[in-house]
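Here's the structure, in structure tokens; my notes come after.
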């Protein structure tokens with residue numbers, strides 16, 4: 001039974017894939033599968049960072065705004081300011097890391113509730129996106145971005161490779177480094193972590209900065225794939241990323257969760273989205289279905305952890 | 313309140329009219345409860361007479377808490393019958409337990425830190441009665457009465473509960489049980505966070521309840537208290553009932569033997585007199601100055617609010633000092649944070665292991681290395697599982713930590729073993745100074761003895777130890793020197809032969 005509790009989501013994912021491929025034969029084509037991975041790449045990268053944050057008892061709803069703002073600044077600099085591609089690249093990360101830093105400083109050192117902090121920065125961020133871009137789209141970016149967004153290394157699209165690297169890096173740090181242990185300790189019991197000599201505020205701050213870094217990477221990937229900037233980019237990313245993380249088994253109360261679980265959560269979300277499209281479900285109904293699935297996933301997660309408590 | 317059996321007197325089987333004192337209030341028979349992998353209670357029975365104070369003793373893991381939880385309606389037994397006033401009852405929820413007249417004060421506090429004291433006292437009764445609006449003034453007045461009854465005259469009912477110390481919170485928890493009319497009060501380790509004077513208040517409350525015909529079950533590891541206040545004692549071992557006897561008919565040593573099932577030759581070793589080494593730590597606070605020498609076990613005695621814990625937290629970098637200096641090995645140092653303290657070779661076992669000592673959801677091995685993560689990783693920060701495992705095994709062996717696996721979540725270990733994990737965590741950092749705040753609170757007899765041996769062993773190897781304890785016996789038995797604090801000021805020092813419980817208590821309580 002323990003086996004089922006731990007690996008339940010993998011089973012769900014497998015069943016989901018089987019179910020969808022029965023419903024529509026298009027699903028299992030390599031073209032479509034590649035599509036699924038491409039579509040989930042940006043959110044997937046963000047979800048890696050968000051996993052760190054949620055395990056450390058923080059929450060960040062500003063990730064979508066972060067992605068959009070980083071892109072807005074970089075693309076405006078390149079298209080309007082005439083800056084070369086590498087300045088754009090640096091700006092993406094400069095903006096996204098600063099965004100994360102602000103969130104982290106407020107949440108960790110000013111002790112503001114992270115949900116409210118990031119709600120505020122999300123609003124400010126979106127406002128800045130509109131202010132900087134004046135509501136305009138920009139396209140026609142330097143070659144670098146096109147090659148990144150549409151190119152491949154052998155059979156694997158560069159974007160997918162980046163996403164996989166992000167997951168591998170995230171996993172290695174979270175599961176195998178001293179910093180990763182500190183994240184789990186701070187999330188599991190911040191008071192005990194403090195007494196054990198762990199710098200709680202510093203660890204929390206770093207988690208938000210990490211979220212910022214992964215947002216930067218996601219912004220780069222998304223901008224490259226679209227070959228453009230649009231003010232509404234990243235909308236709904238915060239919801240999708242947090243949902244994927246929670247579906248993947250990371251508890252919102254903190255102290256628990258894995259990158260592997262997040263990967264499965266991201267893929268489950270991706271497959272569901274893909275299936276809804278393939279099956280021709282109307283766009284409006286899609287939201288209802290997605291929301292219902294998230295609801296179910298969180299409910300199952302909650303029942304699962306309550307059952308596990310009762311076992312011992 | 314209408315309760316089953318209220319007002320009904322049953323005749324005894326042999327036809328004699330019931331004697332109020334002799335008819336049991338509660339009888340439990342054949343109680344069985346098992347969890348996956350362990351049978352917590354096997355055919356346990358207990359009889360509580362009216363107006364008696366009945367002790368329930370046994371090692372950690374023996375089944376006392378399970379039995380308490382059965383009576384409290386928190387746990388449903390697999391088998392067994394419970395009779396209240398002769399009538400069979402089902403106690404399957406705390407509400408049903410309350411309807412039977414049973415109130416339980418659990419070992420782990422279940423109060424709300426974010427609410428005020430008055431609300432905490434009355435939260436469980438607020439939904440009774442027809443009033444929709446909470447009558448603040450009346451609530452506060454009644455709360456005032458209860459607070460005075462439990463000796464918390466200096467606490468205002470509007471104070472936020474989280475602002476109170478652990479001992480004060482425990483007294484509020486006891487007060488909460490007294491809010492409603494109660495026939496049986498179950499106290500699970502009620503004195504674990506209390507100092508002498510508060511314990512006296514508690515005993516006064518218990519005697520008062522007794523005189524009103526209310527029964528008390530007193531679950532405790534502190535056997536000297538059992539002999540002081542209880543009429544009878546029931547011993548549970550390995551989930552089974554071992555013996556029930558009058559406290560007057562059994563000696564302390566016999567009781568210990570019944571609990572352990574084996575002889576314990578000596579609980580405490582008398583400390584050898586020793587030449588102490590160089591001065592390790594003479595911190596000077598504005599009112600309090602003292603020194604700690606290598607190899608010395610320095611006890612700090614004092615009542616609730618005397619400043620003992622604050623002192624120790626300041627040494628560890630967890631509390632800011634308005635004025636004062638620390639000299640470590642004759643060099644002045646500032647200790648601004650726990651990680652600084654750890655690097656200077658100081659370790660700190662806090663008074664509440666669940667709140668500040670352990671990450672309960674993490675395995676034993678994770679907790680053991682939590683303060684020494686750098687030591688089990690490469691320079692770049694990569695954790696080496698082999699080193700982590702080695703550290704965990706090392707501590708398990710040296711401290712005799714009982715756990716089926718080092719990967720088991722630490723929350724499943726018994727209190728004594730959990731505390732050993734905390735100690736193991738600090739031993740891994742190799743400190744020269746140990747700050748121990750009530751380290752044996754809520755721990756069974758056998759593990760306590762182990763702890764004393766370990767503490768004395770550490771001192772023997774040259775560590776300096778500061779020991780805070782609410783148990784006077786503990787301080788008197790193993791400390792080389794005892795400082796007494798009262799309301800934040802240093803009021804007395806007792807060295808070697810001067811140490812005796814009576815004088816220390818006098819100093820702690822202001823020599824009344």
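Protein chains in written order, with our numbering: chain G, 1 to 312; chain X, 313 to 824. All residues carry an ideal CB built from backbone N, CA and C; glycine is no exception. From a predicted model like this one, the values you see are computed outputs, not experimental measurements.
Under the three-state DSSP convention, the category residue i falls into
i: residue 552/X; result: strand
i: residue 457/X; result: helix
i: residue 632/X; result: coil
i: residue 587/X; result: For residue 587/X, the predicted model reports a pLDDT of 45, less than 50, meaning its position is unreliable; a value from the coordinates is still stated below. Looking at residue 587/X - three-state DSSP - the assignment turns out to be coil, as it is neither helix nor strand.
i: residue 11/G; result: helix
i: residue 792/X; result: coil
i: residue 326/X; result: Residue placement at residue 326/X cannot be trusted, given a pLDDT of 37 that sits under 50; what the coordinates show is reported in the next sentence. Looking at residue 326/X - three-state DSSP - the assignment turns out to be coil, as it is neither helix nor strand.
i: residue 21/G; result: helix
i: residue 534/X; result: coil
i: residue 353/X; result: strand
i: residue 336/X; result: strand
i: residue 724/X; result: helix
i: residue 344/X; result: strand
i: residue 155/G; result: coil
i: residue 279/G; result: coil
i: residue 613/X; result: strand
i: residue 759/X; result: helix
Rounded distance between the beta-carbons of residue j and residue i, thought under 8 Å
i: residue 63/G; j: residue 167/G; result: Not really, about 16 Å apart at Cβ, beyond 8 Å.
i: residue 103/G; j: residue 60/G; result: 6 Å
i: residue 204/G; j: residue 96/G; result: 18 Å between Cβ atoms; not a contact.
i: residue 517/X; j: residue 462/X; result: 7 Å
i: residue 157/G; j: residue 38/G; result: 6 Å
i: residue 198/G; j: residue 16/G; result: Contact flag wrong, Cβ pair sits at about 39 Å.
Beta carbon proximity, residue i to chain X, threshold 8 Å
i: residue 312/G; result: Here the model assigns residue 312/G a pLDDT of 43, short of 50, so the residue's position is not dependable, and the following value carries that caveat. By this cut-off, residue 312/G is an interface position.
i: residue 302/G; result: no
i: residue 177/G; result: yes
i: residue 185/G; result: yes
i: residue 347/G; result: With chain G covering only 1 through 312, there is no way to say anything about residue 347/G.
i: residue 297/G; result: no
i: residue 201/G; result: no
i: residue 256/G; result: yes
i: residue 189/G; result: yes
i: residue 260/G; result: no
is_contact[residue i, chain G] using C-beta, thresh 8 Å
i: residue 390/X; result: no
i: residue 667/X; result: yes
i: residue 682/X; result: yes
i: residue 469/X; result: no
i: residue 434/X; result: no
i: residue 704/X; result: no
i: residue 651/X; result: yes
i: residue 594/X; result: Because the pLDDT of residue 594/X is 35, which lies under 50, any placement of that residue in the model is unreliable, and the number read from its coordinates should be weighed accordingly. With 8 Å as the cut-off, residue 594/X does not count as an interface residue toward chain G.
i: residue 517/X; result: no
i: residue 522/X; result: no
i: residue 632/X; result: no
i: residue 654/X; result: yes
Enclosing beta strand (DSSP E) for residue i [first to last residue]
i: residue 644/X; result: 643-645
i: residue 686/X; result: No beta strand (DSSP E) contains residue 686/X, which DSSP labels as neither H nor E.
i: residue 56/G; result: That residue, residue 56/G, is in no beta strand (DSSP E); it is neither H nor E in DSSP.
i: residue 677/X; result: It is not in any beta strand (DSSP E) - residue 677/X instead sits in the alpha helix (DSSP H) that spans 676-680.
Buried or exposed by the 16-neighbour rule on C-beta atoms within 10 Å, applied to residue i
i: residue 465/X; result: exposed
i: residue 683/X; result: buried
i: residue 123/G; result: exposed
i: residue 424/X; result: exposed
i: residue 503/X; result: buried
i: residue 115/G; result: exposed
i: residue 533/X; result: buried
i: residue 233/G; result: buried
i: residue 281/G; result: exposed
Continuous alpha helix (DSSP H) stretch holding residue i: start and end
i: residue 171/G; result: 158-176
i: residue 142/G; result: Run containing residue 142/G: none; DSSP gives neither H nor E here.
i: residue 425/X; result: Looking at the DSSP string, residue 425/X is not in any alpha helix (DSSP H), and its letter there is neither H nor E.
i: residue 624/X; result: 620-627
i: residue 817/X; result: 813-820
Listed by chain order, chain C residues near residue i by CB distance under 7 Å
i: residue 192/G; result: No chain C appears in the structure shown, which is made up of the protein chains G and X.
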